[in-house]
Every structure is written in structure tokens, then in C-alpha cells.
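What follows is a short report on a single structure.
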């Protein structure tokens with residue numbers, strides 16, 4: 023009987039990400055998007071921190087960082103950060119449902135994954151419209 | 047090629063008992079619980095941050111210089127960056143395959159996340175301080 027050599031198991035384990043071996047599915051894509059939005063928010067927090075630091079230090083410093091929150095680039099940046107926050111929040115809500123064993127059937131899984139995508143965009147647009155109206 | 051993840055759980059060899067360091071459970075629990083708090087904080091913070099777009103410095107200070115928005119933004123930044131650091135830690139463990147680079151990335155993640163929180167907190171305290 024062949025003896026099992028466990029010492030080489032570690033070296034033979036596949037390394038993530040294993041993206042190439044799966045057919046893209048909505049649940050998979052939203053899971054990837056959850057991670058990407060999380061990482062993007064990390065960068066977004068750093069950029070918004072610089073914006074706040076400029077505002078705290080005074081006019082000279084603010085003029086160097088004000089582009090982060092004004093003009094087309096600044097508005098696009100904050101819009102994308104808003105979308106990333108809502109998409110990430112709804113991704114967490116999706117996981118909260120799944121943690122409780124809800125919507126685990128094929129239709130339910132797809133429904134929640136699609137809801138994350140559409141809901142994130144919808145909440146972003148609603149907040150921006152409301153903020154524009156309120157002023 | 048080497049295994050990237052420092053693996054303290056599982057069966058470490060033939061005939062060895064199954065061991066679990068349970069760090070994964072604590073991580074998952076923290077991410078879940080912190081997300082409950084971050085959801086309202088995130089929505090409120092986003093509301094204020096979107097309102098700052100295009101404003102001059104005086105209006106920016108006026109908008110977030112009150113105690114309530116400043117405190118909410120500080121709480122959001124602090125808890126949010128701890129949550130983000132834990133998430134980034136997980137990403138590093140999953141995708142950085144070189145052991146040495148992995149350790150450096152984990153250290154950098156810790157330092158950068160603390161720096162971001164410090165910038166947010168100090169800036170907001172300056173902005174909200176009574177003049």
C-alpha cells in the first residue's frame with residue numbers, strides 16, 4: 023500500500039483566485055464586486071481624508087485638494103464612492119440573509135444578487151437627487 | 047511555489063488531531079457586527095459628504111463643523127477603517143502569495159489604516175472645534 027506523503031500537500035494546493043475555472047454567475051460577480059468595492063472604499067477613505075485635512079488646515083491647503091470634491095472629476099469621484107458604499111452595504115445585507123438561511127434557493131440567490139446590483143445604483147441616484155433637491 | 051496562508055487550523059499531519067485556531071470565526075463575527083453599526087453611519091456620512099461637493103472651504107467647514115455630523119463622521123471613519131483593515135487583511139491573505147511580501151503588506155495595511163483614521167479624526171476635530 024502506498025504511503026501518503028503529507029509534507030508536499032502544502033506545495034500542491036491551488037492558489038486563489040480561481041476565476042478561470044468557473045463560469046461567471048451573478049452571485050459570483052456580486053461577490054467579486056463586494057471585494058472590489060471594499061478595496062475601493064479603502065482608497066476612497068484616504069482621498070476623502072485628504073479633502074478633510076485640506077479643509078481643516080486652511081485655504082492654501084484646501085486649494086490643493088479641493089479638486090477631490092469639486093468639478094467633474096471630484097463629483098465623479100464622490101459619486102463612485104457613494105455607489106461603492108451602497109453596493110457594499112447591500113452586499114452585506116445579502117450575506118445577512120444568507121447567514122440566516124434565507125433566499126438560498128437558485129431563484130432566491132439570483133434575486134438577491136441582482137437586487138444588490140440594481141439597489142446599489144438606485145440608492146446612489148436617489149441620494150444624489152435628494153441631496154441636490156435639499157441643497 | 048509555497049503556501050501563502052499561515053495555516054493553524056486543520057489536520058497538520060497523518061494521525062494528528064484536527065486543530066482550529068478559530069481566528070476565522072472571530073473575524074467573521076467582527077465583520078458582521080461592525081457592518082450593523084456601519085450601515086446607518088455610512089448612509090448618514092454619505093449624505094453629508096455628497097453635500098460637500100463643489101462647496102468652498104467656508105461652507106465645507108460650516109456643513110460638517112457641528113458636533114453631530116462631526117461625531118458621526120469620526121465614528122464612521124474609525125469603525126469603517128477597522129472594518130476595512132480586516133477586509134484588506136483577508137484580501138492580502140487570499141491574493142498575496144509570496145510569504146515575505148504578504149507580511150510586508152499586512153504591516154503596511156495596519157499602518158495605512160491607522161494613518162487614514164488619524165487624518166479623519168484630527169481634521170474633523172479641527173473643523174468642529176469652537177472658534
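Protein chains in written order, with our numbering: chain A, 23 to 157; chain B, 47 to 177.
Heads up, the beta-carbon is just placed ideally off N, CA and C, and yes, glycines get one too.
Nearest-angstrom Cα separation, counted from residue 49/A out to residue 135/A: 5 Å
Is residue 115/B buried or exposed, if buried means 16 or more other CB atoms sit within 10 Å of its CB? buried
Tell me the residue span of the alpha helix (DSSP H) that contains residue 105/A. 93-121
Residues of the segment 69-80 of chain A with a CB closer than 9 Å to any CB of chain B: list them in chain order, please. 70, 71, 72, 73, 74, 75, 76, 77, 78, 79, 80
What do you get for residue 110/A, buried or exposed, if any count of 16 or more other CB atoms within 10 angstroms of its CB means buried? buried
In angstroms, rounded to a whole number, what distance separates the CA positions of residue 150/A and residue 137/A? 19 Å
Quick one: is residue 147/B near chain A, going by C-beta distance under 8 Å? no
For chain B, check one thing: does any of its Cβ atoms lie closer than 8 Å to the Cβ of residue 57/A? yes
Within chain B, partners of residue 84/A - CB distance below 7 Å: 103
Taking 8 Å as the cut-off, decide whether the C-beta atoms of residue 102/A and residue 130/B are in contact. no
If you run the structure through DSSP and keep just helix, strand and coil, what is residue 105/B? helix
Report the rounded CA-to-CA distance for residue 85/B versus residue 99/A, giving the unit in angstroms. 21 Å
What first and last residue would you give for the alpha helix (DSSP H) that runs through residue 166/B? 145-174
So, with DSSP's three-state summary, where would you put residue 71/A? helix
Taking the alpha-carbon of residue 127/B as reference, which of 46/A, 70/A, 44/A, 97/A has the nearest alpha-carbon? 70/A
To the nearest angstrom, how far is it from the Cα of residue 80/B to the Cα of residue 91/B? 16 Å
Give the range of the alpha helix (DSSP H) segment to which residue 134/B is assigned. 113-141
Here's the rule I'm using: 16 or more other beta-carbon atoms within 10 Å means buried, otherwise exposed. How should residue 157/B be labelled? exposed
Compute the distance between the beta-carbons of residue 74/A and residue 170/B, then report whether it is under 8 Å. yes
Just to confirm the assignment, what range does the alpha helix (DSSP H) spanning residue 99/B have? First-last for residue 99/B: undefined, no H or E at that position.
Mind the definition here: the segment 100-117 of chain B touches the segment 79-91 of chain A only if three or more C-beta pairs lie below 8 Å; say whether that holds. yes
Measure the alpha-carbon distance for residue 112/B versus residue 122/B and round it to whole angstroms. 16 Å
Taking Cβ positions only, does residue 116/A come closer than 8 Å to chain B? no
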